[in-house]
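**Q**
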Amino acid sequence: MADLQVYFDGGCPVCSREIAFYRARPGAERFDWVDVTRADSALGPGLTPQLALARMHVRTSAGVLLSGAEAFAAMWRLMPGLKWLGWLLVMPPFGMIAEWGYRLFLVSRKLWR
């Protein structure tokens, strides 16, 4: 089983480019990459396709569902070269700042569709 299931919006050009970057990095083999636009409706407990398309989510091997900046932090902590960034985001105030930035991105990405 993968360390994380990463749910992403494959219909978003920016999201797809970013996920392609991560998939090419060392450590990417630890993740199960799920393009929500191509997945069936069975995304697991607590996650509908609508929620999964609204923001990035990951599910840990323990079944914990994380979204937004928390999801990125969990992913980065498992990737060589990005671990430090993942750990930084769990320290206040960096996680809160990252979440605000992510929410700003979510508003602006609607303009790119």
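The sequence shown begins at 36 in my numbering and counts up one residue at a time. Ideal Cβ positions, reconstructed from N, Cα and C, are used throughout, including at glycine.
On the premise that Ala87 lies in contact with Tyr42, defined as a C-beta separation below 8 Å, what is that separation, rounded to the nearest angstrom?
**A** The count along the sequence shown starts at 1 and reaches residue 42 at position 7. The count along the sequence shown starts at 1 and reaches residue 87 at position 52. Between Ala87 and Tyr42 the Cβ distance is about 5 Å, and since that is below 8 Å, they are a contact.
**Q** Would you kindly report the start and end of the unbroken beta strand (DSSP E) that includes Ser51?
**A** Numbered from its first residue, the sequence shown carries residue 51 at position 16. It is not in any beta strand (DSSP E) - Ser51 instead sits in the alpha helix (DSSP H) that spans Pro48 to Arg58.
**Q** If distances are taken between C-alpha atoms only, which option among Phe129, Met131 and Gly103 comes closest to Leu141?
**A** Start at 1 with the first residue of the sequence shown, and residue 141 comes out as number 106. Residue Gly103 holds the alpha-carbon nearest to the alpha-carbon of Leu141 among Phe129, Met131 and Gly103.
**Q** Is the number of C-beta pairs between the region 109-126 and the region 57-77 that are closer than 8 Å three or more?
**A** Result yes; three or more Cβ-Cβ pairs closer than 8 Å.
**Q** Can you find the residues in the same chain that come closer than 7 Å, C-beta to C-beta, to Asp44, ignoring five residues on each side of it along the sequence?
**A** Here the question's residue 44 lines up with position 9 in the sequence shown. Once the five neighbours on either side are set aside, the close Cβ partners of Asp44 are Cys50, Val71, Thr72 and Leu88.
**Q** Considering only DSSP beta bridges, list what Phe107 is partnered with.
**A** Here residue 107 refers to the residue found at position 72 of the sequence shown. Per DSSP, none; premise fails for Phe107.
**Q** Does Val125 pass the burial test, meaning 16 or more other C-beta atoms within 10 Å, or should it be called exposed?
**A** Position 90 of the sequence shown, counted from the start, is the residue given in the question as residue 125. The residue in question, Val125, is exposed, as its Cβ has fewer than 16 Cβ neighbours within 10 Å.
**Q** Roughly how many angstroms lie between the CA atoms of Ser143 and Pro80, to the nearest whole one?
**A** In the sequence shown, residue 143 corresponds to position 108, counting from 1. In the sequence shown, residue 80 corresponds to position 45, counting from 1. Straight-line Cα distance between these residues: approximately 29 Å.
**Q** Using alpha carbons as the reference points, say which of Tyr137, Ala37, Lys145 and Pro48 lies closest to Ala106.
**A** As a first step, residue 106 is located in the sequence shown; it is residue number 71 there, counting from the start. The shortest Cα separation from Ala106 among Tyr137, Ala37, Lys145 and Pro48 belongs to Tyr137.
**Q** Rounded to the nearest angstrom, what separates Gln85 and His92 at their Cα positions?
**A** Taking the first residue of the sequence shown as position 1, residue 85 is located at position 50. Taking the first residue of the sequence shown as position 1, residue 92 is located at position 57. C-alpha separation (whole angstroms): 12 Å.
**Q** Would you decide whether Arg94 is buried or exposed? Buried here means 16 or more other CB atoms lie within 10 Å of its CB.
**A** The sequence position of residue 94 within the sequence shown is 59, counting from 1. That one is buried.
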